[in-house]
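Down below is the structure, laid out as structure tokens.
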Amino acid sequence: MTRVLDVRDLSVSFPAADGRRFHPVDGVSLTLDRGETLALVGESGCGKSLTSLALLRLVPAPGRVDAGSVIRLGDTDVLALKGEALRRIRGRRIGMIFQDPMTSLNPVFTAGDQIAEGIRAHFRVSKSEARARALRLLEEVGIPDPEERLDAYPHQLSGGMRQRVMIAIALAAEPEILVADEPTTALDVTVQAQILEVLDRLRRSRGMAVLLITHDLGIVAGRADRVAVMYAGQIVEEAGTAELFAHPSHPYTQGLFASVPRITGPLRRLTPIRGTVPPPTEWPSGCRFRPRCPQAFDKSVLAPELMPVGPGHRMRCWLAEEPAAQVELSRRSG
Amino acid sequence: MGRWLLRRTAQAIATLVLTIVLLFFLSHVLPGDPLSRLGEGRPLTAAETETLRARYGLDRPLRSQLGSFLAGLARGDLGTSIEYGRPVSALIAERLPATLLLGGTVLLLNFTVGLWLGVRQAVRRGSAEDRWLTTLSLVGYATPSFWLGLVLAWLVGVEWRLLPAAGMRDPLVDGGILAGTADVLRHLVLPALTLSVVSIAGTMRYQRDAMLDTLRLPYIVTARAKGLSPARVTWRHAWRNALFPVLTLFGLWLPVLVTGSVFVESVFAWPGLGSLAAAAVGNRDYPLLMGASVLVAVIVVLANLLTDLAYATLDPRVRLT
Amino acid sequence: MTAAPEALRSVWRAPGGRAGLAFLLFLVLLALAGPLVLPDPVRQFDLVELAGAPPGPDHPFGTDQLSRDVLSRVVSGARVSLAVATLAVALSVTLGAAVGLVAGYQGGAVDAALMRLVDAALAVPRLFLLLLVLAVPERVPLVALIVLMGATGWFATSRLIRAEVLRLREEAFVHAAEALGASGRRIIFRHLLVNSAGPLLVAATLGVGDVILLEAGLSFLGLGVQPPTPSWGGMILDARSVLVMAPWVGIFPGIAITLTVLATNLVGDALRDALDPRGA
Numbered sequence: 007m008t009r010v011l012d013v014r015d016l017s018v019s020f021p022a023a024d025g026r027r028f029h030p031v032d033g034v035s036l037t038l039d040r041g042e043t044l045a046l047v048g049e050s051g052c053g054k055s056l057t058s059l060a061l062l063r064l065v066p067a068p069g070r071v072d073a074g075s076v077i078r079l080g081d082t083d084v085l086a087l088k089g090e091a092l093r094r095i096r097g098r099r100i101g102m103i104f105q106d107p108m109t110s111l112n113p114v115f116t117a118g119d120q121i122a123e124g125i126r127a128h129f130r131v132s133k134s135e136a137r138a139r140a141l142r143l144l145e146e147v148g149i150p151d152p153e154e155r156l157d158a159y160p161h162q163l164s165g166g167m168r169q170r171v172m173i174a175i176a177l178a179a180e181p182e183i184l185v186a187d188e189p190t191t192a193l194d195v196t197v198q199a200q201i202l203e204v205l206d207r208l209r210r211s212r213g214m215a216v217l218l219i220t221h222d223l224g225i226v227a228g229r230a231d232r233v234a235v236m237y238a239g240q241i242v243e244e245a246g247t248a249e250l251f252a253h254p255s256h257p258y259t260q261g262l263f264a265s266v267p268r269i270t271g272p273l274r275r276l277t278p279i280r281g282t283v284p285p286p287t288e289w290p291s292g293c294r295f296r297p298r299c300p301q302a303f304d305k306s307v308l309a310p311e312l313m314p315v316g317p318g319h320r321m322r323c324w325l326a327e328e329p330a331a332q333v334e335l336s337r338r339s340g
Numbered sequence: 568m569g570r571w572l573l574r575r576t577a578q579a580i581a582t583l584v585l586t587i588v589l590l591f592f593l594s595h596v597l598p599g600d601p602l603s604r605l606g607e608g609r610p611l612t613a614a615e616t617e618t619l620r621a622r623y624g625l626d627r628p629l630r631s632q633l634g635s636f637l638a639g640l641a642r643g644d645l646g647t648s649i650e651y652g653r654p655v656s657a658l659i660a661e662r663l664p665a666t667l668l669l670g671g672t673v674l675l676l677n678f679t680v681g682l683w684l685g686v687r688q689a690v691r692r693g694s695a696e697d698r699w700l701t702t703l704s705l706v707g708y709a710t711p712s713f714w715l716g717l718v719l720a721w722l723v724g725v726e727w728r729l730l731p732a733a734g735m736r737d738p739l740v741d742g743g744i745l746a747g748t749a750d751v752l753r754h755l756v757l758p759a760l761t762l763s764v765v766s767i768a769g770t771m772r773y774q775r776d777a778m779l780d781t782l783r784l785p786y787i788v789t790a791r792a793k794g795l796s797p798a799r800v801t802w803r804h805a806w807r808n809a810l811f812p813v814l815t816l817f818g819l820w821l822p823v824l825v826t827g828s829v830f831v832e833s834v835f836a837w838p839g840l841g842s843l844a845a846a847a848v849g850n851r852d853y854p855l856l857m858g859a860s861v862l863v864a865v866i867v868v869l870a871n872l873l874t875d876l877a878y879a880t881l882d883p884r885v886r887l888t
Numbered sequence: 558m559t560a561a562p563e564a565l566r567s568v569w570r571a572p573g574g575r576a577g578l579a580f581l582l583f584l585v586l587l588a589l590a591g592p593l594v595l596p597d598p599v600r601q602f603d604l605v606e607l608a609g610a611p612p613g614p615d616h617p618f619g620t621d622q623l624s625r626d627v628l629s630r631v632v633s634g635a636r637v638s639l640a641v642a643t644l645a646v647a648l649s650v651t652l653g654a655a656v657g658l659v660a661g662y663q664g665g666a667v668d669a670a671l672m673r674l675v676d677a678a679l680a681v682p683r684l685f686l687l688l689l690v691l692a693v694p695e696r697v698p699l700v701a702l703i704v705l706m707g708a709t710g711w712f713a714t715s716r717l718i719r720a721e722v723l724r725l726r727e728e729a730f731v732h733a734a735e736a737l738g739a740s741g742r743r744i745i746f747r748h749l750l751v752n753s754a755g756p757l758l759v760a761a762t763l764g765v766g767d768v769i770l771l772e773a774g775l776s777f778l779g780l781g782v783q784p785p786t787p788s789w790g791g792m793i794l795d796a797r798s799v800l801v802m803a804p805w806v807g808i809f810p811g812i813a814i815t816l817t818v819l820a821t822n823l824v825g826d827a828l829r830d831a832l833d834p835r836g837a
């Protein structure tokens with residue numbers, strides 16, 4: 007297996023009004039192998055989108071990636087790149103898809119223009135060749151009448167179609183990694199499935215690695231190889247998808263499962279997690295989930311590390327040290 | 568497109584006619600006799616007044632005066648100047664080239680330097696350069712053009728003797744076209760600079776705000792994530808969209824330029840329409856003033872029409888039905 | 558209206574807003590206290606010895622060609638400029654609100670007629686509208702000048718208010734209240750006051766700066782404030798003929814105009830930012 011992305015201790019900080027800096031992304035580590043799909047799951051405001059932007063150094067000013075962070079794309083040290091070298095990895099090594107296909111496409115250029123531009127930013131090809139490639143990409147992402155859509159403006163396309171164009175743009179420079187940030191959130195349920203299907207197909211046919219960022223555990227099952235759950239700027243649990251779904255261990259992950267309706271299994275009450283994600287300026291000391299956690303105990307005032315709870319399964323919770331409690335947990339949720 | 572253009576043009580013409588009627592009535596709001604000056608110091612006799620009133624049609628009721636004014640306008644006749652005793656249209660035609668030269672220069676500076684500075688500020692928002700330019704544009708926006716003109720004429724023209732401070736040509740310069748052109752350009756610098764400072768200030772602020780609004784949109788992130796160069800993101804992706812609000816500015820900006828040129832032309836004795844209008848004010852020459860106002864209305868309405876047309880051509884979202 | 562002190566506080570918190578507000582307060586105090594400490598602005602000190610004297614201890618801004626104290630005249634001009642601008646803007650905002658309200662609420666032919674009139678008026682720069690009215694009569698009293706500037710400044714405001722009325726008419730709560738038998742007109746009026754107070758205040762503040770420039774321009778053309786009443790524009794007009802010998806006569810009133818307009822615009826900008834936090 008080839009490791010294509012290696013992120014270690016990634017932190018992103020912004021200046022606060024009082025002159026200090028706060029850290030919406032705080033020590034995130036993750037890896038991605040060729041052909042693999044990793045799902046990064048969490049509520050909005052947990053830092054998952056910022057993490058993905060940091061991969062291409064697209065953190066909006068005045069935010070910055072802190073010293074000590076490591077982002078490696080194969081042999082490339084992303085955080086050491088500058089100017090032209092940085093430009094050359096954007097789109098070429100990592101392609102990105104964003105949440106809202108309406109606002110993420112430039113309204114004054116045609117779909118074809120916007121795809122061809124991504125091609126010509128990285129390959130020395132003629133305009134007509136770029137256009138021909140753009141046409142093939144539109145076919146590949148499953149757009150009907152691609153010839154016609156090539157010259158359509160974003161406002162002339164449906165939501166699902168726009169997101170397919172977005173995917174074609176991300177694929178334009180044939181990246182080895184595709185980052186999809188909430189790719190289906192803004193779409194109808196039926197269209198959601200189609201888009202996820204397209205992503206899956208492309209991953210297989212191109213052998214890409216996919217980082218799928220979502221708040222929706224429902225779309226993770228059956229698509230991701232591994233899952234990382236993020237809360238308050240940190241990864242709080244990570245495991246293979248099957249393992250995580252069988253034994254969700256962190257109280258936050260359990261809360262996420264409890265708030266998602268299930269189609270199979272006995273009927274049960276949906277219990278939302280109490281409270282909301284606090285803003286990054288107000289994250290508590292110790293375990294950050296403590297104020298909302300139904301199982302918080304005396305040790306929760308200390309900040310936990312990621313600790314093993316099973317094969318390839320780690321969580322950031324002191325309960326990992328207490329096997330009795332853990333057994334109790336997995337019995338209840340299983 | 569054709570039908571849209573036709574309807575929009577008809578609408579512009581209707582607005583223009585209404586504007587002219589409005590201008591006509593405005594010039595009759597306050598009591599006063601524009602002919603009283605013609606006695607050159609001594610009061611006019613009753614007979615003289617009557618003759619003059621008949622000549623300028625002032626003895627007829629207002630509605631009939633309006634009627635003949637509009638009828639004349641349709642033939643391109645703007646009436647006769649009281650001060651000069653010549654057709655207003657001829658006076659305007661004589662003065663038009665100088666105003667077009669000055670206005671065109673300022674227009675060019677405004678929509679190149681002004682836009683460029685505004686974009687630069689937005690891209691470097693919060694930097695020392697941005698703060699300096701913001702301050703400068705705020706001050707420029709608040710400066711009365713006639714005062715700035717006088718100060719520049721005094722400092723640059725009289726104290727430092729760097730550039731001519733009045734007129735458009737030096738009668739002592741003769742010879743080839745080259746020397747003549749250079750002379751006109753030297754005379755152009757100060758009035759164009761004065762008028763530009765005042766008008767660029769507004770353009771910069773407007774462009775900066777529009778650009779900042781655009782730069783925070785998601786499709787800018789898309790463009791950067793594609794691996795486009797910063798210049799391409801700024802100019803092709805952001806600026807193309809930030810141009811729409813600025814197009815609207817053209818319609819708002821033209822009246823500012825026209826107003827400014829009245830003062831600046833009169834300060835620098837620039838032989839254009841602005842100084843003609845200022846002189847008409849001093850002479851109480853209201854047919855001339857009326858003619859100048861009508862011309863300004865035509866220009867503004869036409870500019871708004873062109874702005875809409877530019878919008879329609881540049882923005883694919885505007886449907887022309 | 559309870560939001561007013563809050564808005565004022567946020568203006569004070571913004572650096573530009575604070576500078577502008579402080580300068581305007583200073584100017585108002587100066588304009589009020591001026592007559593008590595400064596010489597009479599129309600007094601001619603000594604036509605032989607003191608005509609066009611440069612700035613010095615007795616006359617910090619110098620004297621003009623009629624040996625009048627320039628500082629007194631600038632301060633006195635502040636009083637005239639501020640009073641004229643404030644009154645004219647109060648008038649134009651009231652007119653604009655009234656027209657917008659009528660047009661928006663009546664709709665139909667009334668609305669169409671009023672808005673066509675606004676279109677027509679906006680096709681000519683305000684200066685030209687005023688020139689046409691002011692050029693004919695021999696002498697225009699100050700009150701008439703204020704009324705005329707107010708009467709030519711309401712067009713954009715009326716569009717703003719009309720749009721707001723149209724928006725409110727479509728709001729569900731207005732329909733609901735009407736269904737319950739309440740007067741739609743009263744509800745619209747109440748909400749309009751609440752919703753439009755902010756934008757109106759911003760428009761008015763920025764309008765004051767515009768009118769100060771406009772009045773100065775008219776006075777410079779000899780059509781605005783008439784001598785002997787001192788006005789900044791009129792002072793610059795007088796200074797034109799002596800600019801080379803006594804530049805201070807014209808420079809100080811120009812600086813006064815620039816600073817005052819700058820200050821009102823800074824306050825207006827800060828006010829807009831305070832009411833619309835989007836554009837930080």
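Residue numbers (the numbering used here), protein chains in the order written: chain G, 7 to 340; chain V, 568 to 888; chain H, 558 to 837. The C-beta atom is built at its ideal place from N, Cα and C for all residues, glycine as well.
Against chain G, does residue i count as a neighbour if the rule is that its beta carbon must be under 8 angstroms from one of theirs?
| i | result |
| --- | --- |
| R642 (chain V) | no |
| R687 (chain V) | no |
CA-CA distance, residue i and residue j?
| i | j | result |
| --- | --- | --- |
| R851 (chain V) | Y651 (chain V) | 12 angstroms |
| R803 (chain V) | D157 (chain G) | 18 angstroms |
| T801 (chain V) | V690 (chain V) | 8 angstroms |
| G836 (chain H) | M735 (chain V) | Because the pLDDT at G836 (chain H) is just 41, under 50, the model does not fix this residue reliably, and the point stays unresolved. |
| A843 (chain V) | P664 (chain V) | Rather than Ala, the amino acid found at residue 843 (chain V) in this sequence is Leu. Looking at the two C-alpha atoms, the distance is approximately 13 angstroms. |
| L645 (chain V) | L593 (chain V) | 17 angstroms |
| P784 (chain H) | A796 (chain H) | 14 angstroms |
| M706 (chain H) | A660 (chain H) | 22 angstroms |
Any beta carbon from chain V within less than 8 angstroms of residue i's own beta carbon?
| i | result |
| --- | --- |
| F251 (chain G) | no |
| A677 (chain H) | yes |
| R212 (chain G) | no |
| L689 (chain H) | yes |
| T109 (chain G) | yes |
| D175 (chain G) | The question names Asp, yet the displayed sequence has Ile at residue 175 (chain G). Taking Cβ atoms only, chain V reaches closer than 8 angstroms to I175 (chain G), which makes this a yes. |
By DSSP, does residue i sit in helix, in strand, or in coil?
| i | result |
| --- | --- |
| G724 (chain V) | helix |
| L163 (chain G) | coil |
| Q240 (chain G) | strand |
| V818 (chain H) | helix |
| A215 (chain G) | strand |
| G316 (chain G) | strand |
| L79 (chain G) | strand |
Between which two residues does the beta strand (DSSP E) harbouring residue i extend?
| i | result |
| --- | --- |
| D32 (chain G) | R27 to D39 |
| R20 (chain G) | The sequence given here has Phe at residue 20 (chain G), not Arg. Counting along the chain, the beta strand (DSSP E) containing F20 (chain G) begins and ends at R9 to P21. |
| M102 (chain G) | I100 to I103 |
Ends of the alpha helix (DSSP H) at residue i?
| i | result |
| --- | --- |
| M792 (chain H) | W789 to A796 |
| P785 (chain V) | P785 to A792 |
| V756 (chain V) | I744 to L782 |
For residue i, which residues in the same chain have their Cβ closer than 7 angstroms to its Cβ, ignoring the five residues on either side in sequence?
| i | result |
| --- | --- |
| F835 (chain V) | G716, A720, A732, A733, L757 and P758 |
Give every residue of the same chain whose Cβ lies closer than 8 angstroms to the Cβ of residue i, excluding the five residues on either side of it in the sequence, and list them in chain order.
| i | result |
| --- | --- |
| R625 (chain H) | P598, V599, R600, Q601 and F602 |
| S58 (chain G) | L46, M102, V185, D187, L217 and I219 |
What do you reckon, is the C-beta of residue i under 7 angstroms from a heavy atom of the ligand PLP?
| i | result |
| --- | --- |
| V722 (chain H) | Of the ligands one can find in the structure shown there are none, so the ligand PLP has no counterpart to examine. |
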